[in-house]
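Working notes, beginning with the structure itself.
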Amino acid sequence: MIIPTRWSLQMVRQFLCMSLCALVVVGARGGSKRPAGSVEFEQPTADVEPVSDVTVLNDADFTKYQDCDEILASGSYKEAGAYRIYLNQSEPIVVFCSFESGVASYGILVQKFGTVSFVQNFYNYERGFGNIAAGDGWLGLANIKALTDKGYNTLTVTMQDCNHNVKTIVYRHFSLGPASSRYTLYINSYASGNVLPDDFSFNNGMPFATIDAPDAHSCALSMRGGWWYNYCTYTLPTGRYYPQCGSYTPPGSMYDGLFYRDWYGFGYSLKYFSMTLSSF
698 MIIPTRWSLQ MVRQFLCMSL CALVVVGARG GSKRPAGSVE FEQPTADVEP
748 VSDVTVLNDA DFTKYQDCDE ILASGSYKEA GAYRIYLNQS EPIVVFCSFE
798 SGVASYGILV QKFGTVSFVQ NFYNYERGFG NIAAGDGWLG LANIKALTDK
848 GYNTLTVTMQ DCNHNVKTIV YRHFSLGPAS SRYTLYINSY ASGNVLPDDF
898 SFNNGMPFAT IDAPDAHSCA LSMRGGWWYN YCTYTLPTGR YYPQCGSYTP
948 PGSMYDGLFY RDWYGFGYSL KYFSMTLSSF
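So in our numbering, spot 20 of the sequence shown is number 717, and the numbers just go up one at a time.
This is the structure:
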């Protein structure tokens, strides 16, 4: 095995770890049989509508709210859910707003029930899919970038294991590059070192990759969900949802569940994963 000398120690560790994980999975599986209880989401889906079967809570309100903060300030809404906002654009978008402790935040990803496949093409990842308000969905790269450009740069990640233990981690800076860069990820200022080690910063500076717009090392083809892969990743919020939770055997050569390496490792799929943005 030849490892380029220009790689950082972190990249070497990732390469060796993911390679060993693949070998362990292949050896343990002895074939390509789909694991019992896994969701039948293997083939890429066709283009889908950005939001499906969602009740927009301000649908009958003709006020052109610019963001969730304006909705909260109006005093008319306190319930977390789907709202229509404009973000200084001519066309509105539907987002998931929550107002815990009087602070507006936006859901950008959630996997809770496994009702939506995250094996999607780049077009769908750019526009968004599923229904965040209902527990499974992705807001869309274009919409996420619009939020970060407006100053919503604090990322909060919440995870739950099979025993209902919850971990919440925070990054004080999260932003995306232009569409021409495939929405390059910029993430830093990890604020939760006492909760878990930082597994997201490994992907800093990487473009978004999907099954039809893969990364240079084909991680998106092996791990299926769209993500900012860096040969490959220490965490996968867009991974396959395994209803049985916990240890799993993936159908391919790479672990593809909802994992966070420094909590339970690659081979443990979490019960719940969410990502939200706020201004502070």
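No residue lacks a Cβ here, since even glycine has one placed at the ideal position from N, Cα and C.
Determine the contact status of residue 959 and residue 894, defining contact as a CB-CB distance below 8 angstroms.
Yes, Cβ-Cβ distance for residue 959 and residue 894 is below 8 angstroms.
On the DSSP bridge list, what partners appear for residue 827?
834
If you follow the alpha helix (DSSP H) that residue 908 is part of, which residue opens it and which one closes it?
Segment: none, residue 908 is in no alpha helix (DSSP H) and carries neither H nor E.
Okay, do the segment 900–909 and the segment 923–934 touch, 3+ Cβ pairs below 8 angstroms being the bar?
At 8 angstroms Cβ cutoff, the stretches touch.
Residue ranges of each beta strand (DSSP E) run of no fewer than 3 residues wholly in the segment 738–813, ordered along the chain?
778–782, 790–795 and 802–808
Hey, how far is the Cα of residue 964 from the Cα of residue 916?
16 angstroms
With DSSP as the reference, identify every bridge partner of residue 864, one or two as the case may be.
856
Among 838, 826, 795 and 762, which has the Cα closest to the Cα of residue 808?
826
Select from 779, 804, 968 and 969 the residue whose C-alpha is nearest the C-alpha of residue 751.
779
Own chain partners of residue 790 with C-beta closer than 6 angstroms, once the 5 adjacent residues on each side are dropped
840
In angstroms, rounded to a whole number, what distance separates the CA positions of residue 951 and residue 782?
39 angstroms
Here's a check: name, in chain order, each residue in its chain whose Cβ is nearer than 6 angstroms to the Cβ of residue 762, leaving out the five neighbours to either side.
So the list reads 768 and 782, once near-sequence residues are dropped.
Near residue 810, which residues of its chain fall below 7 angstroms by C-beta distance, leaving aside the five closest residues on each side in sequence?
832 and 833
So, helix, strand or coil for residue 731, using DSSP?
The pLDDT assigned to residue 731 is 35, lower than 50, so where the model puts this residue is not dependable, and the model offers no usable value.
Same chain, Cβ closer than 6 angstroms to residue 870, neighbours up to 5 away in sequence not counted:
So the qualifying residues of the chain are 850, 885 and 886.
Whole-angstrom Cβ separation of residue 936 and residue 962, contact assumed at under 8 angstroms?
With a Cβ gap of about 13 angstroms, residue 936 and residue 962 do not count as contacting.
Need the endpoints of the alpha helix (DSSP H) that residue 920 sits in, please.
916–920
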